[in-house]
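Sequential numbering from 1035 applies to the sequence shown in the working numbering.
All remarks here apply to the structure that follows.
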Amino acid sequence: MSQSMTDTLIVPVALGDRSYEIAIGQGLLAEAGQRIRAVNPQNRLIVIADAAVAKIHGAKLNASLDAAGFRTDVIDVPAGEASKGFQTFSGVLEKALALGIDRRTTIVALGGGVIGDLAGFAASVLLRGLDFIQIPTSLLAQVDSSVGGKTAINAAAGKNLIGAFHQPKLVLADLDVLDSLPRRELLAGYAEVVKYGLIDRPDFFDWLNENGQAALAGDKALMAYAVAECCRSKAEVVAADEREAGRRALLNLGHTFGHAFEAEAGYDGGLLHG
């Protein structure tokens, strides 16, 4: 296993004047300030963070943002799917408004798919739309929910039924944060990785058979390649069908039944998305 830092891979998402890049590599939390500064000339950030993730990675992110000259406030959200509902969403909106945001404020999501969806949807409606940065901290979020602009919260009738399409300005997928994931969470994300091999990239599926276990065991170069391949696949689909009028529905493989199972289980963590 290589002990050196991997090169940062860049995957573009081509959407005209709403195009953005996905950066995949190590040490990106420490570089977040300068990378966000490159796409965001404004100084005000609101970080919406998974409270558990913030305890582990928040200080590094905040130091980077401070060094880049940003004025930052943090809204912590309890970990777990139960936070992706009306009550938490409303609370996030009220806290953001109380902090005195304006149209030059950028929302930053620090966490897994729950936080990315929650923060992205909040960004889409606050002041009729604010810029948005994704910093996904789970494998599942790095290869799926942070890419493509789908944001949503859950309803009693089902998962992800209330939301909006709101593309981020930048996605930073720091592979180092995956080291803090429980094994079960990592495997849930890996299920989504395998999905891309099934629906779009048979050569990648063969590659996973050869290299997947080593990537899961901590080989960062292999994991970087896997995450980048997934993001390339999704970026191509999103560029061709942003609003899911046709081909993008392929990305829902496994989700139709999976969402029903999660809803029936009450979003209590008994069933993971992957």
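Quick reminder that beta carbons are idealized off the backbone N, C-alpha and C, glycines included.
All of these numbers come straight from a predicted model, not from anything done at the bench.
Within its own chain, the residues whose Cβ lies closer than 6 Å to the Cβ of methionine 1257, once the five positions on either side in sequence are excluded, are Leu1209 and Ala1249, listed in chain order. Going by DSSP, leucine 1195 is part of the beta strand (DSSP E) stretching over 1192-1199. Listed as beta-bridge partners of tyrosine 1259 by DSSP are no residues whatsoever. Beta-bridge analysis with DSSP links isoleucine 1058 to Leu1043 and Ala1207.
Contact check for phenylalanine 1155 and glycine 1197: beta-carbon distance about 5 Å, within the 8 Å limit, so the pair qualifies.
With the rule of 3 Cβ pairs closer than 8 Å, the stretch 1065-1079 does not count as touching the stretch 1263-1276. Runs of the alpha helix (DSSP H) spanning 4 or more residues and lying entirely within the stretch 1089-1170 occur at 1120-1132 and 1147-1159, in chain order. When the beta-carbon positions are compared, leucine 1063 and leucine 1095 come within less than 9 Å of each other.
Shown here for isoleucine 1058: same chain residues with a beta carbon closer than 6 Å to its own, the five before and five after excluded, namely Leu1043, Ala1207, Ala1258, Val1261 and Ala1262 in chain order. Contact between the stretch 1138-1152 and the stretch 1226-1243 is not established, with fewer than three Cβ pairs separated by less than 8 Å. Per DSSP, leucine 1212 lies in no alpha helix (DSSP H) and is assigned neither H nor E. A contact is defined here as three or more CB-CB pairs under 8 Å, and the stretch 1189-1196 fails this definition with respect to the stretch 1044-1058.
Each residue's CA atom was taken as its position, placing alanine 1113 and alanine 1222 some 16 Å apart.
Of the residues assessed, proline 1216 falls on the exposed side of the cut-off, its CB having fewer than 16 other CB atoms within 10 angstroms.
Taking the CA atoms as reference points, leucine 1099 sits about 22 Å from serine 1158.
DSSP places valine 1181 outside both helix and strand once states are collapsed to three, so it counts as coil. Between glutamine 1201 and arginine 1052, the beta carbon gap of about 5 Å places them in contact (Cβ cut-off 8 Å). For alanine 1251, no beta strand (DSSP E) run applies, since DSSP gives it neither H nor E.
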